[in-house]
Structures are given as structure tokens and as C-alpha cells.
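Note that the working numbering has the sequence shown beginning at 332, numbered continuously upward.
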Amino acid sequence: MSQDLREELRQSVLASLGRADRITPEAIQSAAADLFARVEKQQRIRIDPETRTDVVRALTDEVLGLGPIQRFMDDPEVTEIMINGPDQIYVEKRGEKSRVAARFRDDAHLRRAVERMLVHTGRRVDESLPYVDFAMPNGARVNVILPPVSAGGATVTIRKFLQSLRGIEDLVALQTLDARMADFLVACIRAKLNILFSGATGSGKTTTLEVLSSYLDAQERIITIEDAPELSLRQEHVVRLLTRAPNVEGQGEVSIRDLFRNSLRMRPSRLILGEVRGEEAMDYLQAQTSGHRGCLAVLHAATPRDALTRLETMALYAGLNLPSWAVRQQVASGLELIVQHEQFLDGTRKITHLTEVAGLQGGEIALRDIFSFAVDEVTESQEVRGRFVAHGPPGFLPLFRQRGVALDEGIFAEG
């Protein structure tokens, strides 16, 4: 079937559907079947079953879904969709990115898909606010940036999350960490340690945080603070706070820092910060040092040391005129564990360091690895081979006993 005939069928079906309340998969199939029969009779051609299925699927995706990218949204193996204007779409599967043949007809077609993604979020993107971050109802995280800020047309990045990951054993099966590290992290969550999840974009930080959140006590009052509703917690007593962008007059903005300061008055048992990216770092540190146990947060950094440097630098943005040594003291006193993530050349994601924040030594924050991932070799096909290594127990080991959390201390002995 020619592309022109496909387009004619598409337009005819869309015109025949009429009212929005009649648009269902069944209505699309029925309208398409009638038109297929009419075209076959008038033009004396046969439309094969494969073409029929393909056209109906494309129409269903167009009318009820997100057009040419809907099949990738439905594919559980696709973890990321990157749209660089209407003509260029890339997807990530099993850590590898590749360009696909799917495309949008034009800029207007792509913009309609963006509007459909935005419809339930309460957010907007237009010439006055040409970029936006939001989450879709299925949990996928979306970033949109429009021309002229994006020179090649509307650019859309959709990050999906693996719905199959239900517990820490799933991360062990993926070799993101080993069983010893898994037992240790679950114990850290139950002992209410203050933990920072660090790594580059796409390295698995939020996935690890979400998996570990399933081990939070159902009796705890959990408050999450995010730019977009990305975390999906299974507990019942969860309060979700979301930032708000300013309106067209530049008013009404609600920042992460605003929400964080308000959350401290809400009797939280746990505070979970979707991402530390600015001056709210100071409030995060002060919460930890004022008795709020079990604070969890995400931060972008390449190494555990870089994570501390970034945290200290962002805390100084708060403008409290504190000397750097005072901020460093708060970091060393409040933060207890850094969970460092990395995505390797072969697309695999690993927790490369479980690192203890071991206090101040000579005016600098001391770090001590508890577990790490050692790379043994990278093959010609870029497969990364290595092993997880234990370096010994952390200094905060007595906290587990004090807080009634059982842990086999033999996991810290290598070999």
C-alpha cells in the first residue's frame, strides 16, 4: 500500500470517527474495516492483513496514544526515547541507543504529541516558557525544550522506568550490586541512616532509591519532594509535594527549598528529596543535623568525593554567610552513606561504591569505601567485566544494634 493511500485512509478514518466519546479502539477498527472494503472495491486492489494491522495500529496510536512513539512507550525493553525534531527519533534498549525509522509528519504533529503528554500534568510549555520537566501518569519522566531555544525543532526526552523491579533482589539479578551489598543497603534503610544517591544522568540513582523505599516501615509518615512525580512509593502514609513554576506574570513559583522548609513542620518520619540541585542543600543538611533520621536524596555527581564537593558548594548558595568549614562540619555530622552509581560502556548500570562519610580529618571530610566494584577488563565488544569487593565494616556499624536492625557482619569480610 502506498504512503499516499495510507494517509488517505488515516484522514478518512479520523473524519469518520466524529465525536470524541466515540473514539475507542473498537471504533477505529470498525471504521478502518469499512474503508478497507470500500478502497478494495473501488480501486480493485487487495489490502493484505499485515498492512491492515499496521494501518490500524498507527491510527490507534495517532488518535489514542502518542503517534509514532507509542509503540516504544509500550515496549518494556525501551528505557529511553529521544526525539530530536520530527525527523529523528532514538531509543535506548538494554543500555544501547539506536535511531529508529519512526518519525513525526511535521513539527505540528510532534507538538500535538507533546500537548497530549502535558494534558494531565497542569504544566505548560510555549514560547514564553520554552522548556518543561514533568512526569506522565505511567511514571515516565519527560523533558521538553522548544524552538528557538532548541534549534532543530522540539526536543523531547522520555525516560521510562523498569516496572519489573519490585525488590532489591531484582537489582541483584541485574548485577547492579551483589547480595552482600543488598543486605547492607536494606539494613541501612531500616536503621534510618541518612543516604545520598549519587551518579550521572541515567546511571540508576532514582531506580535504586525507589526499590529501597519498599523497605520503609509502613507506619512511617513519608514526605517526598520533587519537581515532577517520579517516585512511586508503595506505602499508604505518603505525602507528595511538588514544585510549581511561575505563571506568565512570573509569580506563584514554589521551589524545592520552599517545600523542604515547610515539610519540616509536617511531622515527617522520612524526608525524600527527589534531587538536590541548589540552595535547598543547606536545608537538607540542617534537617539531618537536627534529628531528622533517614533522609534520602538524589544528587548528580561522578564520584563520592564529587558528591560531597557539590553538596557543600550548593549549600553555600543559600547565602547564610557561613564559612565553608561550618558547612563541611554539617556534611560530616549529618550524612552517613553515599551510594554511587555508574553506567558503563556496555550499557550496564552498577553501584560502584558504597562509601561511608567518616567524619572530619584535618579539616577535610574523610571517606571510606565499604563496598566497591572493581573492573577487571573491558572486552573488544566493550563488555565490562569485574567484581564487587568488600573493604571492611563501616564505623557506624554500632547504629544497627542500637536501632534494633539485624545484620550479618560477615558480609564485610572479603573472600
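No residue lacks a Cβ here, since even glycine has one placed at the ideal position from N, Cα and C.
The segment 522 to 532 makes contact with the segment 624 to 632, as at least three CB pairs between them are under 8 Å. In the displayed model, residue 431 falls within a strand according to three-state DSSP. Of the candidates 592, 675 and 691, 675 places its Cα closest to the Cα of residue 706.
The residues 415 and 416, in chain order, have a CB closer than 7 Å to that of residue 483 in the same chain once the five nearest residues on each side in sequence are set aside. For residue 681, the three-state secondary structure derived from DSSP is strand. Within the segment 507 to 592, the complete alpha helix (DSSP H) runs of at least 4 residues fall at 510 to 521 and 536 to 544. The beta carbon of residue 740 is closer than 8 Å to those of 724 and 728 in its chain, skipping five residues each way along the sequence. Of the residues 708, 522, 594 and 694, the one whose Cα lies closest to the Cα of residue 660 is 694.
In this structure residue 698 touches residue 636 by the C-beta definition: roughly 6 Å separates them, less than 8 Å.
Under the DSSP assignment, residue 674 falls in the beta strand (DSSP E) whose first and last residues are 668 to 674. In the assembly as shown, residue 387 is a buried residue. Its beta-carbon has 16 or more other beta-carbons within 10 Å. Residue 555 is not a Cβ neighbour of residue 543, given a cutoff of 8 Å. Assigned with DSSP and collapsed to three states, residue 651 falls in coil, not helix or strand. In the three-state DSSP reduction, residue 736 falls in the coil class, being neither helix nor strand. When DSSP states are grouped into helix, strand and coil, residue 424 belongs to the strand group. For residue 717, DSSP records a beta bridge to 706. Taking each of 516, 708, 591 and 662 in turn and checking the Cα distance to residue 736, the smallest one comes out for 516. When secondary structure is reduced to three states using DSSP, residue 628 falls in the strand class. DSSP, reduced to helix, strand and coil, places residue 386 within a helical segment of the structure shown. With a threshold of 16 other beta carbon atoms within 10 Å, residue 625 meets it and is buried. About 5 Å separates the beta carbon of residue 408 from that of residue 424, a gap short enough to meet the 8 Å contact definition.
Under the DSSP definition of a beta bridge, residue 692 partners with 695. In this chain, the alpha helix (DSSP H) harbouring residue 500 covers 499 to 504.
Counting every other CB atom within 10 Å of its CB across the protein chains shown gives residue 534 a total of 16 or more, marking it as buried. With respect to residue 561, residue 470 sits close: the two C-beta atoms are nearer than 8 Å. Closest by C-alpha distance to residue 622, out of 607, 381, 524 and 450, is 524. Between residue 489 and residue 473 the beta-carbon gap is near 5 Å, inside 8 Å, which marks them as a contact. If you check the CB distance, residue 643 and residue 670 do not come in under 8 Å.
Closest in alpha carbon position to residue 584, among 567, 598, 558 and 620, is 558. By the criterion of at least three beta-carbon pairs nearer than 8 Å, the segment 503 to 510 is not in contact with the segment 594 to 611. Straight-line spacing of the CA atoms in residue 593 and residue 577 works out to 19 Å.
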